[in-house]
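For the sequence shown, the positions run 1 to 98 when full-length UniProt numbering is used.
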Amino acid sequence: MSSRRETTESERLLVVKWSKEGKSLREIASLIGVTHGCVQKILQKYEKTGSVANIPGRERKEILSTTAKRKIIHSVKKDPRYTNVSKENVEIINKNVL
Numbered sequence: 001m002s003s004r005r006e007t008t009e010s011e012r013l014l015v016v017k018w019s020k021e022g023k024s025l026r027e028i029a030s031l032i033g034v035t036h037g038c039v040q041k042i043l044q045k046y047e048k049t050g051s052v053a054n055i056p057g058r059e060r061k062e063i064l065s066t067t068a069k070r071k072i073i074h075s076v077k078k079d080p081r082y083t084n085v086s087k088e089n090v091e092i093i094n095k096n097v098l
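Rendered as structure tokens:
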């Protein structure tokens, strides 16, 4: 698998700045260390939204509720050997996911 990383907001701002200064996509890509396709997507997003910031709420959604997490943490603190998946924990997880 390739190593992927998210570009920082400051890198995205540089992309926009250099693009406005007339640098090519490939020049910008080599300066920042990303592909020219990545630079192109950053510029498309900027043209569409007027911003380079991440859209809030786009991260991975949590599976467990806070109540389920608390119950699991409580049982592990009560008995550290309880860290393996027990029948009770599986029931808590299934109840909160389904």
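Ideal Cβ placement from N, Cα and C applies to all residues, glycine included.
In angstroms, rounded to a whole number, what distance separates the CA positions of Ile42 and Val76?
-> 44 Å
Do the segment 19–32 and the segment 50–67 meet, that is, are 3 or more Cβ pairs less than 8 Å apart?
-> no
Val52 (DSSP reduced to helix, strand or coil) | Coil at Val52, not helix or strand.
Quick one: Cα of His36 to Cα of Gly57, how far?
-> When rounded, the distance between both Cα atoms is 27 Å.
Close beta carbons around Leu13, own chain, < 7 Å, minus the five adjacent residues each side | Val52
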